[in-house]
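S.K.: Structure below; questions to follow.
There are 2 protein chains.
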Amino acid sequence: MMATAPATVTGLKKACSQCNLLESCLPFGMIDSDIHRLDELVGVRRRIKRQQPLYRTGDPFEAIYAIRIGSFKTDVLLEDGREQVTGFQMTGEILGLDGISAELHSCNAIALEDSEVCVIPYAKLEELARIVEGLQHRFHKVMSREIVRDHGVMMLLGSMRAEERLAAFLLNMSQRFTARGFSASEFHLRMTREEIGSYLGLKLETVSRAFSRFQDEGLVAVQQKHIRILDNNSLRKLIQHQPGAR
Amino acid sequence: MMATAPATVTGLKKACSQCNLLESCLPFGMIDSDIHRLDELVGVRRRIKRQQPLYRTGDPFEAIYAIRIGSFKTDVLLEDGREQVTGFQMTGEILGLDGISAELHSCNAIALEDSEVCVIPYAKLEELARIVEGLQHRFHKVMSREIVRDHGVMMLLGSMRAEERLAAFLLNMSQRFTARGFSASEFHLRMTREEIGSYLGLKLETVSRAFSRFQDEGLVAVQQKHIRILDNNSLRKLIQHQPGAR
DNA sequence: CTTTCCGGTTGATATGGATCAACCGCGCAA
DNA sequence: TTGCGCGGTTGATCCATATCAACCGGAAAG
């Protein structure tokens, strides 16, 4: 397996304490004096161009990454070429946790647009987590949230029909854009229909048709990757008691 | 939401250091002197009767659990009654990691047979992880492995056909029985067809039919819950390059 | 010993989403 | 400016799995 792609690297003195993502990123809820200790943590930042990997399956695990700018997808590839997208990640979210287990990354992380991440060397994180009040707990919460999120995706994939899956996906995106101070009802998707389909366990045509049906029913306005949510409640209802629930 | 079910509780002095699961459980790979410190960790054990919950969605999170005897399933319920089984757990595996994130459990853990768990109070674990060499790292690995496992399930649910899913499930069970010193080729499933189906995103009839087809083709011998794997390689091949790969 | 019930198997039929195929239009390169 | 390619949409058809239904057998209860 190839090593990670070349990347621009930036040395920095005050990573976390001067970062505007402080509220939503790993250090959330930590007290001021400790946050300065976190500046030790983030040695460098890396820029990743659209479509380039941050890491790949089999790469040795050395660090986790906090997204500063941009967004990513993670995916797993089967020998026969089948791809399963396991998640989409936005600013403030953490990438690379999969690598701790085997000291190798077990999926690919690909930038959906030109992006920038903070590199958090794992050894340093472990060390600091032992010292800095709350950091260990905070980190455990991040990992646990990932597990809970994955269970939600299993629910999607295992028990929901195509339209429910897409509705859940859109509401999830909306909620995450909101959390970042963007509009809850209008946003731009960074991924293709095929990537959405892979994530939701559907073919791209099915995703496209579901979008069209939502549009016909006045739930959303769709123009390629630009989405406007018109009827939040109906989307929400779609997820819950679908009449012919499997 | 109701509190957890009543349970038999046992006080103990030397939990980990005298436990025969030492090799495969949380403390794996830790040095002897430290393992005795882990005895502090496990205050009590709890017995859970078949079909009873160890914890339920919404229960306050206080501890994680190491399975000493028996096995469990975890599941998520939707309002309309749909169930998604998110995993099956065996001896030495850890339950409850989902609860760290929101300080509430986000799924149900139900015993598949009369079982016994070691209760590991999370606060104590955090504290000890700061002191005991290697424990923090070991714990992170456990969480990370859970994330990787979940990605595998997403792959199953999102990109594999019914027979592939069942083959993967059987091989996974076989591998886990082997790791516990049981036969790799002959074992007893603790869960129903319906639970397997829910886990694999299939209806119970589909699971049953897939079992029958495997039997017809001489891949396994199935007698209710008793499984004998006759042709490991063919099962393995089934997973990889399925001709009509989606 | 008999009855009941639940988990499992098997058959017939229905259907949601996959597949195959045509076409559209925007953005980019020449 | 034109041409090309990729992402997206839409239509026709197919098929894997769901659904509905009947039946079986072992275990537990009476």
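Going down the list, the sequences are from chains A and B. So the first sequence is numbered by our numbering: it starts at 1 and just counts up by one. So the second sequence is numbered by our numbering: it starts at 1001 and just counts up by one. Glycine is no exception: its CB is placed at the ideal position from the N, C-alpha and C atoms.
B:V1132 by DSSP, collapsed to three states: which one?
M.R.: Residue state, collapsed to three classes: coil.
S.K.: Would you check if the stretch 41–53 of chain A and the stretch 106–113 of chain A touch, i.e. whether three or more CB-CB distances between them fall below 8 Å?
M.R.: At 8 Å Cβ cutoff, the stretches touch.
S.K.: Can the beta-carbon of A:H151 be found closer than 8 Å to that of B:C1025?
M.R.: No, Cβ-Cβ distance for A:H151 and B:C1025 is not below 8 Å.
S.K.: Which value, in whole angstroms, describes the spacing of the CA atoms of B:E1093 and B:F1139?
M.R.: When rounded, the distance between both Cα atoms is 12 Å.
S.K.: Along chain A, in chain order, which residues have C-beta atoms closer than 9 Å to that of B:E1126?
M.R.: Near B:E1126 (Cβ distances below 9 Å), the residues of chain A are Q136, H137, H140.
S.K.: May I ask you to report which of helix, strand or coil DSSP gives B:K1014?
M.R.: Residue state, collapsed to three classes: coil.
S.K.: In whole angstroms, what separates the C-alpha of B:R1056 from that of B:R1176?
M.R.: So the alpha carbons of these two residues sit roughly 25 Å apart.
S.K.: Excluding the 5 residues flanking A:E257 on each side, which residues of the same chain have their C-beta closer than 7 Å to its C-beta?
M.R.: Residue numbering for chain A in the displayed model covers 1 to 246; residue 257 of chain A lies beyond these limits and cannot be assessed.
S.K.: Using a C-beta cutoff of 8 Å, does B:L1054 count as contacting chain A?
M.R.: Chain A contact via Cβ: absent.
S.K.: Under the three-state reduction of DSSP, which class applies to A:E116: helix, strand or coil?
M.R.: Note: A:E116 maps to strand in three-state DSSP.
S.K.: With a 10 Å radius around its C-beta and 16 neighbouring C-beta atoms as the bar for buried, classify B:G1081 as buried or exposed.
M.R.: Looking at its Cβ environment, which holds fewer than 16 other Cβ atoms inside 10 Å, B:G1081 is exposed.
S.K.: Please report how far the alpha carbon of A:I69 lies from the alpha carbon of A:S115, in whole angstroms.
M.R.: If I take the Cα positions, the gap works out to 5 Å.
S.K.: What did DSSP end up calling B:G1244 once you bin it into helix, strand or coil?
M.R.: In this predicted model, B:G1244 has a pLDDT of only 43, less than 50, meaning its place in the structure is not dependable; the value taken from the coordinates is given anyway. In this structure, B:G1244 counts as coil in the three-state DSSP scheme.
S.K.: Using three-state DSSP, classify B:R1228 as helix, strand or coil.
M.R.: Here B:R1228 sits in strand by DSSP.
S.K.: Nearest CA to the CA of B:T1178: which residue from B:I1147, B:M1090, B:R1209, B:V1220?
M.R.: Looking at the Cα atoms, B:M1090 is the closest of the given residues.
S.K.: Can you look up A:V247 in the DSSP assignment and give me helix, strand or coil?
M.R.: Residue 247 of chain A cannot be examined here, being either before or after the span of chain A that is shown, 1 to 246.
S.K.: Could you give the first and the last residue of the continuous alpha helix (DSSP H) run that contains A:L104?
M.R.: Neither: A:L104 is in no alpha helix (DSSP H) and is coded neither H nor E.
S.K.: Can you give the Cα-Cα distance for B:K1014 and B:N1020, rounded to whole angstroms?
M.R.: For B:K1014 and B:N1020, the distance between alpha carbons rounds to 12 Å.
S.K.: Residues in the stretch 1100–1112 of chain B with C-beta within 8 Å of chain A's C-beta atoms, listed in sequence order?
M.R.: From the stretch 1100–1112 of chain B, only I1100, S1101, A1102, S1106, C1107 have a Cβ closer than 8 Å to chain A.
S.K.: Would B:I1064 and B:L1097 be called neighbours here (beta carbons separated by less than 8 Å)?
M.R.: Contact: yes.
S.K.: Can you check whether the C-beta of B:S1234 is within less than 8 Å of a C-beta belonging to chain A?
M.R.: Closer than 8 Å: no.
S.K.: At 9 Å on the CB atoms, spell out the chain A contacts of B:G1201, in chain order.
M.R.: Near B:G1201 (Cβ distances below 9 Å), the residues of chain A are M154, L157, G158, S159, G201.
S.K.: Using a Cβ-Cβ cutoff of less than 6 Å, which residues in the same chain neighbour A:L166 once the five nearest sequence positions on both sides are dropped?
M.R.: Hits under 6 Å: A210.
S.K.: Find the nearest neighbour of A:S234 within the set A:F187, A:E163, A:V76, judged by alpha-carbon distance.
M.R.: With distances taken between Cα atoms, A:S234 lies closest to A:E163.
S.K.: How about B:I1229 and B:L1170: do their beta carbons lie closer than 8 Å?
M.R.: Yes. Within cutoff.
S.K.: Which residues does DSSP pair with B:L1077 in a beta bridge?
M.R.: B:E1083, per the DSSP bridge assignment.
S.K.: Taking 8 Å as the CB-CB limit, is A:D150 close to chain B?
M.R.: Output row for A:D150: interface = yes.
S.K.: For A:P60, count neighbouring C-beta atoms within 10 Å of its own C-beta (all shown protein chains included) and say buried if the count is 16 or more, exposed if not.
M.R.: A:P60 comes out exposed.
S.K.: Which one or two residues does DSSP pair with B:H1188 in a beta bridge?
M.R.: Its beta-bridge partners are B:H1226.
S.K.: Just verifying my parser: in three-state terms, what is the DSSP assignment at A:Q215?
M.R.: Helix at A:Q215.
S.K.: Check for me: the alpha helix (DSSP H) holding B:L1068 runs from which residue to which?
M.R.: What sits at residue 1068 of chain B in the sequence shown is Arg, not Leu. From DSSP, B:R1068 is part of no alpha helix (DSSP H) but of the beta strand (DSSP E) over 1063–1069.
S.K.: Please report the distance separating the alpha-carbon of A:S159 from that of B:V1117.
M.R.: Spanning the two alpha carbons is a distance of roughly 30 Å.
S.K.: Using 8 Å as the limit for Cβ to Cβ distance, is B:T1086 near chain A?
M.R.: Yes, contact with chain A.
S.K.: Determine the DSSP secondary structure at B:Q1089, reduced to helix, strand or coil.
M.R.: Three-state result, B:Q1089: strand.
S.K.: Looking at the secondary structure, which residues open and close the beta strand (DSSP E) in which B:L1054 lies?
M.R.: Where B:L1054 is concerned, the enclosing beta strand (DSSP E) stretches over 1053–1055.
S.K.: What separation, rounded to the nearest whole angstrom, lies between the Cα atoms of B:L1041 and A:L78?
M.R.: One C-alpha to the other measures close to 40 Å.
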